[in-house]
Every structure is written in structure tokens, then in C-alpha cells.
Amino acid sequence: MRSTSSRACGFWNGTERAPVPGSGQTPSEAAYAALPYRPCVGVVLRNPDGLIFAGQRIDNPGPAWQMPQGGIDPGEAPQTAALRELAEETGLAPHAVRVTAETPDWLRYDLPRELVGKLWKGRYRGQEQKWFLMDFDGPDSLIDIATEVPEFSRWQWMTPDDLVAAIVPFKRALYRSVFDALGDDLAAGPVRR
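Given below as C-alpha cells:
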């Protein structure tokens, strides 16, 4: 069964649109600054060629490629959440990957203020994420984005630079930070079984 917390951690989902509590509109600067960050995880899924999985968001008509990511359920450990999200978004079971690194710190991004009232019922200003580098050396045919609640309309392997260029603009600095934080592990290349 799909986690209810993970559905809202992508770009946007039509079922998650709700007004900012008390206003129904874009929050004021003060209200925006007072909102907390939503705890989430992200997955940098790397193939044997060192390329990164990227999925085109199904709910965005324009180009909006991203890596698997999603919310942490109450009481769930971040790595467990990352493996669950990977399965929910790509169909890959935990045994199909190796967790090889994680970001030392939680990384944040802010939503543009005009999106706050449309996402997560206006309760969060953005996300605070722990990212995991996972190596996958199986056949591409194991990846199945036609999941119970699909997040992506198509997928491909990309270089980190291409992925940063393809993500929605407000997440570009986050993706650069993720790749910088995992830099040594990314440079070392995939860990093979």
C-alpha cells in the first residue's frame, strides 16, 4: 500500500492542492518564514555506467525530471523510507540495490511562495531531505514506473549535470548540493556486487 506521506513530496499532486491555512492564498513573508520543512528522503539511483535515474513527473505537462523522493512516515527510519520510496516509484525491491552512501546532513529547499498554498495543504515551506546513493546493476527491465500510484510518465539515465538542468528551477540548488555532498562517492564509481 502506498504511503500517504510520500505522495506529496514530488512536484505537485492534484489531490494535494489546498489553501494556506487561514488565508487560501500565497502566504505573507512572515507566515512563509514561520512554516516548518517537511521531512523527506531522496534516492540517487546510479547504474553501472555512473548515470543517474531520472523520471519525468507525470503531473507536470512541462519538463520536470527528478530523482525518486518522498515523505518519511511516522516512526520510519530515513533509509527505510528511501528504499520504500524507490520501490513505490520505480518498482525496484530493496534487494535490487546497494545503499552505498548518504548525505552527511539534511538538505533543504524552499517552495516558491506561490506554490505553498497548493502543496501539502499549506503546512510546509519546503522540504528537508536526507539523500541516499544507491547502486543498481540489474537490467533496465526491472525498472517499472507503472506502479500503483505512478509518479513518472517516462524515465531515463542522465548525467548529474543534465539532471540539474532538467529539474524544476526551484530545486536546482538542492540537486547541486546533493551531488556535491555525495561527490567523493559519485567520483569513486558504482560499487559492483
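Position 54, counted from 1, in the sequence shown is what UniProt numbering calls 54; the numbers after and before it change by one each time, with no gaps.
Ideal Cβ positions, reconstructed from N, Cα and C, are used throughout, including at glycine.
Cβ-Cβ distances below 6 angstroms link D140 to nothing in the same chain once the five nearest sequence neighbours on each side are left out. Using a 10 angstroms sphere on the CB of G42, the tally of other CB atoms reaches 16 or more, which defines it as buried.
Around the beta-carbon of R192, fewer than 16 other beta-carbon atoms lie within 10 Å, marking it exposed. Contact between the region 144-156 and the region 52-66 is present: three or more C-beta pairs spanning the two stretches fall below 8 angstroms. If you draw a 10 Å sphere on the C-beta of P190, you find 16 or more other C-beta atoms in it, and that means buried. The beta carbons of A101 and L51 sit no closer together than 8 angstroms. DSSP, reduced to helix, strand and coil, places V164 within a helical segment of the structure shown. Taking all protein chains shown into account, G126 has 16 or more neighbouring C-beta atoms within 10 Å of its C-beta and is therefore buried. In the displayed model, D73 falls within coil according to three-state DSSP, outside both helix and strand. CA-to-CA, the gap between A165 and Q156 works out to about 14 angstroms. Put simply, the region 165-175 does not touch the region 78-97. Fewer than three CB pairs are less than 8 angstroms apart. DSSP places V97 outside both helix and strand once states are collapsed to three, so it counts as coil. In the structure shown, R84 falls within a helical segment according to DSSP collapsed to helix, strand and coil.
Put simply, of S28, P104, D137 the residue whose alpha carbon is nearest the alpha carbon of L182 is P104. Here the alpha carbons of A31 and C40 stand approximately 22 angstroms from one another. By a beta-carbon distance limit of 8 angstroms, E85 does not contact P74. Their separation comes to about 15 angstroms.
Closest in alpha carbon position to Q129, among T90, L107, S177, T26, is L107. DSSP places Y37 in the strand class (E or B) of the three-state scheme.
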